[in-house]
Amino acid sequence: MPNLKLLLTAAGFSLLLTPSGGMPPDTASTSLFDLIHQDEILKIDLQTDLDQLLANRNTDAEVAAVLSFTGPNDRDYRFEIEIECRGKFRRRVCDFPPLKLNFSKRDLRELGLSRFDRLKLVTHCLEDQKGDDYLLKEYLIYRLYAELSPYHFRSQLVQVQYRDENGK
1380 MPNLKLLLTA AGFSLLLTPS GGMPPDTAST SLFDLIHQDE ILKIDLQTDL DQLLANRNTD
1440 AEVAAVLSFT GPNDRDYRFE IEIECRGKFR RRVCDFPPLK LNFSKRDLRE LGLSRFDRLK
1500 LVTHCLEDQK GDDYLLKEYL IYRLYAELSP YHFRSQLVQV QYRDENGK
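Structure (structure tokens):
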């Protein structure tokens, strides 16, 4: 079991992913990913019930969460979302499972964003420098593949501050 105090205060590197090529056209020209894409590392805050999330790591149960970040033009964004553990291998073996972030289509529509409402969050697998190194290498592979193929995942390196809503 990972050290829960470390999870509560850790700001680990993660990747946000969304498909790029082969997606059906959408009426809105800007997507959620366009909103979060930056050349620098994006800092995001994710507040949820970490006990419930980790207890449900082997199911597809969704847990309520709040995701916030500062976007373009220094505008602050706050989304009430649902998150769930994803993947097969990593959800079993990693200290902290990878996550799927599910945004409200209505909230996205109100911001004039396209209907694509799910992002994958590749989280740190190990709680040490080696885990961060592996994640950075994975990010570089995604970026390299994007140069080679129009059918790739768009990726954004993010630094996540996990906050337990129960204050534990």
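Count the sequence shown with this note's numbering and you get residues 1380 to 1547, in order.
Glycine is no exception: its CB is placed at the ideal position from the N, C-alpha and C atoms.
(Q) Does Phe1412 come out as helix, strand or coil in the three-state DSSP assignment? (A) helix
Q) Is Val1501 near Pro1477, with beta carbons less than 8 Å apart? A) yes
Q | Of the listed residues Glu1526, Leu1446, Gln1540, nearest to Ser1483 (C-alpha basis) | A | Leu1446
Q: Closer than 7 Å by C-beta to Asp1439: which residues in its own chain qualify, once you throw out the five before and the five after it? Chain order, please.
A: Glu1463
Q: Name the one or two DSSP bridge partners that Cys1464 has.
A: Leu1478
Q. Are there three or more Cβ pairs, one per stretch, closer than 8 Å when the region 1485-1498 is compared with the region 1506-1515?
A. no
Q. Between the C-alpha atoms of Asp1424 and Phe1468, what's the straight-line distance to the nearest angstrom?
A. 26 Å
Q: State the CB to CB distance for the pair Ala1444 and Ile1460, rounded to an integer number of angstroms; the pair is presumed to be in contact (CB under 8 Å).
A: 5 Å
Q | First and last residue of the uninterrupted beta strand (DSSP E) at Gln1540 | A | 1532-1543
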